[in-house]
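Colleague: Please read through the structure below; I'll follow up with questions.
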Amino acid sequence: MGRSPCCEKAHTNKGAWTKEEDDRLIAYIRAHGEGCWRSLPKAAGLLRCGKSCRLRWINYLRPDLKRGNFTQQEDELIIKLHSLLGNKWSLIAGRLPGRTDNEIKNYWNTHIRRKLVSRGIDPTSHKPINNIIQPQEQEQEEEEEEEKKIKTSVLNKQEEEVLEEEERCPDLNLDLRISPPPHQEPFKTGASTLCFVCSTLGGKACNCNEQAAGAGSIIISGSGSRTNSGYDFLALDYRSLQMK
DNA sequence: AAGGGAAGCAACCGCAGAGAG
DNA sequence: TCTCTCTGCGGTTGCTTCCCT
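Sequential numbering of the first sequence, starting at 1255, is according to our numbering.
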């Protein structure tokens, strides 16, 4: 039977968006809010596919987007999050206010990947590139793989994912739920904090101290030491993170 | 100045998951 | 429980700009 197309391709524009199209989309969303992307183009008088409108809004037109270069701190945060989450760009973007998954994905592929390689780190595994596996280690890895197979065969998919994540980062609490934050006060260890409410990063005065304590903060220290995953210069307090 | 390659980024495509009926 | 629709995500493509020769 096949999948039905998301829109009438014959009558839709493709490629770069014009100023007029942008204006129409902005005006429509301001008046009616986000959502119903399928019907939005027709209602807004746009010859675009709903998906295209959604993408344009989310990646480019949203008023809360932070434009401009990534900061060093954002860089390191992306690397750290990528080492924990992999190519889960939307999750990573959720930790970087004002940045989109597409933007982070592009930035990763064009800048960070190269940066890691030049540091001698494999951007996929976050391990040193010249980490040659010795026969004994390989045997051990195979054993672990076998054990994992047995383990995962008796777990459902959700449990499996949580287990995998915990194995990769034992400190990461993935018991994600909407609940009062574990810390009523942001850490004050002389390190700088990232506030997810007002997007303040790098030790600047936070606009919303009270809310920030409830929204989850990332503590960024400058120790610069290395762990197995390669980066320990970000001492993240993942337990205070909450899903968007 | 012009051409070609590399880099950067916006946008598209196809798939998967969630939810409704 | 199944089917269908809609939305969101990640991978990929292709256009534009920059830089080097």
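Glycine included, every Cβ here is placed at the ideal spot set by N, Cα and C.
(1) So what does P1382 bridge to, in DSSP terms?
(2) What number of angstroms, rounded off, separates the C-alpha of D1276 from the C-alpha of S1293?
(3) I'd like to check one pair, R1353 with K1320: are the Cβ atoms closer than 8 Å?
(4) Here's a check: name, in chain order, each residue in its chain whose Cβ is nearer than 7 Å to the Cβ of W1271, leaving out the five neighbours to either side.
(5) Give the range of the alpha helix (DSSP H) segment to which H1286 is assigned.
(6) Could you compute how far the alpha carbon of H1286 sits from the alpha carbon of V1371?
(7) Just the C-alpha distance for G1508 and I1383, rounded to the nearest angstrom, thanks.
(8) Leaving out five residues on either side along the sequence, give the residues of the same chain with a beta carbon under 6 Å from the beta carbon of D1355.
(9) How big is the Cα-Cα spacing for F1324 and L1338?
(10) Between N1313, K1305, I1366, D1318, which lies nearest to L1335 when the distance is taken from Cα to Cα?
(11) The alpha helix (DSSP H) that contains C1307, what's its start and end?
(12) So, L1350 versus E1328, is the Cβ gap smaller than 8 Å?
(13) Please work out which residues of its chain come closer than 6 Å, Cβ to Cβ, to D1376, disregarding the five sequence neighbours upstream and downstream, and give them in chain order.
(14) To which residues of the same chain is D1318 closer than 8 Å at the C-beta, ignoring the five residues directly before and after it?
(15) Taking N1267 as the reference, give the member of I1333, E1357, L1300 with the closest Cα.
(16) Just reading off the alpha helix (DSSP H) that N1360 is part of, what are its end residues?
(17) Measuring alpha carbon to alpha carbon, tell me which of K1305, I1332, S1379, R1302 ends up nearest Y1361.
(18) Where does G1340 fall in DSSP's three states?
(19) Compute the Euclidean distance between the alpha carbons of P1295 and L1315, then round it to the nearest angstrom.
(20) Within 10 angstroms of its Cβ, does S1306 collect 16 or more other Cβ (buried), or is it exposed?
(21) Are the Cβ atoms of W1291 and R1278 separated by less than 8 Å?
(22) According to the neighbour-count rule (16 or more other Cβ atoms, all chains shown, within 10 Å of its Cβ), is E1274 buried or exposed?
(23) Between which two residues does the alpha helix (DSSP H) holding L1294 run?
Modeller: Inspection of the coordinates gives the following:
(1) DSSP lists I1375 as partners of P1382.
(2) Straight-line spacing of the CA atoms in D1276 and S1293 works out to 17 Å.
(3) R1353 sits close to K1320, with the two beta carbons spaced by under 8 Å.
(4) Within the same chain, and ignoring the five residues on either side of W1271 in sequence, the residues whose Cβ sits closer than 7 Å to its Cβ are R1310.
(5) Its alpha helix (DSSP H) spans residues 1273-1286.
(6) Rounded to the nearest angstrom, the gap between the Cα atoms of H1286 and V1371 is 46 Å.
(7) No statement about residue 1508 is possible, as the shown extent of the chain runs from 1255 to 1498 and does not include it.
(8) When the five nearest sequence neighbours on each side are left out, the beta carbons in the same chain lying within less than 6 Å of the beta carbon of D1355 are those of W1343, S1344, A1347, in order along the chain.
(9) The straight-line gap from Cα to Cα measures roughly 20 Å.
(10) For the residues N1313, K1305, I1366, D1318, the minimum Cα distance to L1335 belongs to I1366.
(11) For C1307, the enclosing alpha helix (DSSP H) starts and ends at 1304-1310.
(12) The criterion of a C-beta distance shorter than 8 Å is satisfied by L1350 and E1328.
(13) The answer, listed in chain order, is I1383.
(14) Counting only Cβ-Cβ distances below 8 Å, and skipping sequence neighbours, we find P1351, G1352.
(15) Nearest of I1333, E1357, L1300 to N1267, Cα basis: L1300.
(16) Looking at the DSSP string, the run of the alpha helix (DSSP H) that includes N1360 is 1355-1361.
(17) The alpha carbon of Y1361 has as its nearest neighbour, out of K1305, I1332, S1379, R1302, the alpha carbon of I1332.
(18) Looking at G1340 - three-state DSSP - the assignment turns out to be coil, as it is neither helix nor strand.
(19) Approximately 15 Å, taken between the alpha carbons.
(20) Flag for S1306 reads buried.
(21) Taking 8 Å as the Cβ cut-off, W1291 and R1278 do not qualify as a contacting pair.
(22) With fewer than 16 Cβ atoms within 10 Å of its Cβ, E1274 is classed as exposed.
(23) Per DSSP, L1294 belongs to the alpha helix (DSSP H) from 1294-1298.
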